[in-house]
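Chemist: Per the numbering used here, the sequence shown starts with residue 39, numbered consecutively.
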Amino acid sequence: MSDFRPCDGRLPEKVLEGIAAFNAGDYFEAHELLEAAWVAETGEIRDLYRGILQIAVCYFHLSNQNYDGAQKMYARSLKWLVKWQPSCRGVRVTKLLRDAENVIQALTDLGPERISEFNPVLFKPVQLEQHYWCDRCGAEMFEHNCKITCPNCGSRFDCSDLNIHFD
Ligand SMILES: [Zn+2]
């Protein structure tokens, strides 16, 4: 095992821009930006960028009522994303996978004939880990692998307790 942990560290600017476009619902632009980041990266972490890119393309196809394209792109994205769970470089990967799975489940239930009835409220943003302030002692808290821990008093909670703030 190498000591190098690809999930440590920050996302490059292009990826952050791509995620911002994704979260604004501009899936085509998200695809362009994430593709540029994917091409520029030579390390294994490029697979994370490609996975998010393919979710963006999946949502783009779905928005254009391309049933087969959306299904195919979702299936491809899993390979690149599952290994980075639960979170990587601040991206909440498990949450992204769960959201995409809900989208595909709804799409599959509708089938190709009723794709126009898909409810876009199911398109959720890519969530990034955040910093918090401890409500017990006021220290800054850091999120890692979906656990938010206070380095001062040890108080902790789980990011899934917070979903109401993001959805
Ligand atoms: Zn504390």
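Here a beta-carbon is modelled for each residue, glycine too, at the ideal position from N, C-alpha and C. From a predicted model like this one, the values you see are computed outputs, not experimental measurements.
1. If you measure from each residue's Cβ to the nearest non-hydrogen atom of ligand 1, which ones come out under 6 Å, in chain order?
2. Specify the secondary structure class of V164 as computed by DSSP and reduced to three states.
3. Can you tell me the Cβ-Cβ gap for F156 and L166, rounded? I've got them flagged as a contact below 8 Å.
4. Which residues bound the alpha helix (DSSP H) around T146?
5. Taking 6 Å as the line, does the beta carbon of A94 fall inside it for any heavy atom of ligand 3?
6. Residues bridged to T80 by DSSP?
7. Just to confirm, are Y87 and A74 a CB contact at a threshold of 7 Å?
8. Return yes when the Cβ of L100 is within less than 7 Å of the Cβ of L119, no when it is not.
9. Out of curiosity, what's the CA-to-CA distance linking Q123 and S154?
10. Please give the ranges of any alpha helix (DSSP H) in the stretch 75–129, keeping only runs that are unbroken, at least 4 residues long and fully inside the region.
Modeler: The relevant details are as follows:
1. Taken from the N-terminal end onward, the list reads C172, R174, C175, A177, C188, N190, C191 and S193.
2. As a first step, residue 164 must be located in the sequence shown, where it is residue number 126. DSSP places V164 in coil when its eight states are reduced to three.
3. The residue labelled residue 156 in the question sits at position 118 within the sequence shown. The residue labelled residue 166 in the question sits at position 128 within the sequence shown. The distance from the Cβ of F156 to that of L166 is about 26 Å, inconsistent with a contact at the 8 Å cut-off.
4. On the sequence shown, position 108 is the one that residue 146 refers to. Looking at the DSSP string, the run of the alpha helix (DSSP H) that includes T146 is V131 to L148.
5. In the structure shown, ligand 3 is absent; the only ligands present are ligand 1.
6. Counting from 1 along the sequence shown, the entry for residue 80 is found at position 42. In the DSSP assignment, T80 forms no beta bridge with any residue.
7. Translated into positions along the sequence shown, residue 87 becomes position 49. Translated into positions along the sequence shown, residue 74 becomes position 36. No.
8. As a working note, residue 119 is residue 81 in the sequence shown. As a working note, residue 100 is residue 62 in the sequence shown. In this structure, L100 does not lie closer than 7 Å to L119 by Cβ.
9. Within the sequence shown, the letter at position 85 stands for residue 123. Within the sequence shown, the letter at position 116 stands for residue 154. If you draw a straight line from the Cα of Q123 to the Cα of S154, it comes to about 32 Å.
10. Here the runs fully enclosed are 84–101 and 105–119.
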